[in-house]
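Put into structure tokens, the structure is as follows:
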């Protein structure tokens, strides 16, 4: 599937005007979330530079998507298309050896998070002999105690108060619990904008 990037939301999320489609596409313009990478939130000092880097690389450019086949309809819990993104050069050639997901990590504007709920293996983005970044572990919900102070989802990077309307929508098999905001942040999670945990 391909399209032209019309808007960059932040380092790892953008809007795409669809050109070559896929049965999972619902709208003319779809929001896309880069698979298995995490850029800093816009509320942090590192967020705006990550957005600028992605804007310079993507805005107005044609890109190709490898949409996740393992997640529901190729989408995350926020209904964004979850994909590995490939840039097209001026000659119309698709760079399949260096996905944009990897380029963003190489530029220092994202970290790798190898979520197991999608089909992708970020280690495959680096050739043999090329140093790979350390993978940020995604905690195993089965070993995380339920009933902590905050709840998150393995399919998102937000943490919530358990009473939050968004926290309540997390499927029990996707829940991850944290005993403190420090623990949540150390795992790469950021506060929900609706319930505003510390």
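Numbering (my numbering), first residue to last: 779 to 976.
Beta carbons are placed, not taken as given, at the ideal position from N, Cα and C, and that holds for glycine.
- Between residue 807 and the set 818, 793, 813, the nearest pair of CA atoms involves 793.
- At the C-beta level, residue 851 and residue 802 come within 7 angstroms of one another.
- Between the C-alpha atoms of residue 941 and residue 935 there is a straight-line separation of about 18 angstroms.
- In this structure, 788 is the residue among 822, 819, 816, 788 with its C-alpha nearest to the C-alpha of residue 809.
- The three-state secondary structure of residue 837, taken from DSSP, is coil.
- Per the C-alpha coordinates, the member of 870, 821, 944 positioned closest to residue 973 is 944.
- Residue environment: residue 823 is assigned as exposed (fewer than 16 neighbouring CB atoms within 10 Å of its CB, all protein chains considered).
- With 16 or more other CB atoms across the displayed protein chains lying within 10 angstroms of its CB, residue 930 is buried.
- One thing to note: residue 815 has its Cβ no nearer than 7 angstroms to the Cβ of residue 854.
- Taking a 10 Å sphere around the C-beta of residue 828, we find 16 or more other C-beta atoms and assign the residue as buried.
- One Cα belongs to residue 950, the other to residue 868, and the distance between them is close to 46 angstroms.
- Assignment of residue 876 by DSSP, reduced to helix, strand and coil, places it in the coil class.
- Within the same chain, Cβ atoms closer than 6 angstroms to the Cβ of residue 900 are found at 814, 890, 892, the five residues on either side in sequence being excluded.
- Beyond the five residues adjoining it in sequence on each side, residue 842 comes within less than 6 angstroms, by CB distance, of 780, 864, 872 in the same chain, given in chain order.
- Beta-bridge pairing by DSSP links residue 971 to no other residue.
- One thing to note: residue 896 has its Cβ no nearer than 7 angstroms to the Cβ of residue 957.
- According to DSSP, residue 793 shares a beta bridge with 785, 809.
- Within the DSSP secondary-structure output, residue 780 pairs in a beta bridge with 798, 842.
- Residue pairing of residue 866 in beta bridges, as defined by DSSP: 872.
- Residue 805 counts as exposed, since fewer than 16 other beta carbons sit within 10 angstroms of its beta carbon.
- Counting only residues of its own chain and dropping the five nearest sequence neighbours on each side, residue 877 has a CB closer than 7 angstroms to the CB of 862, 863, 864, 903.
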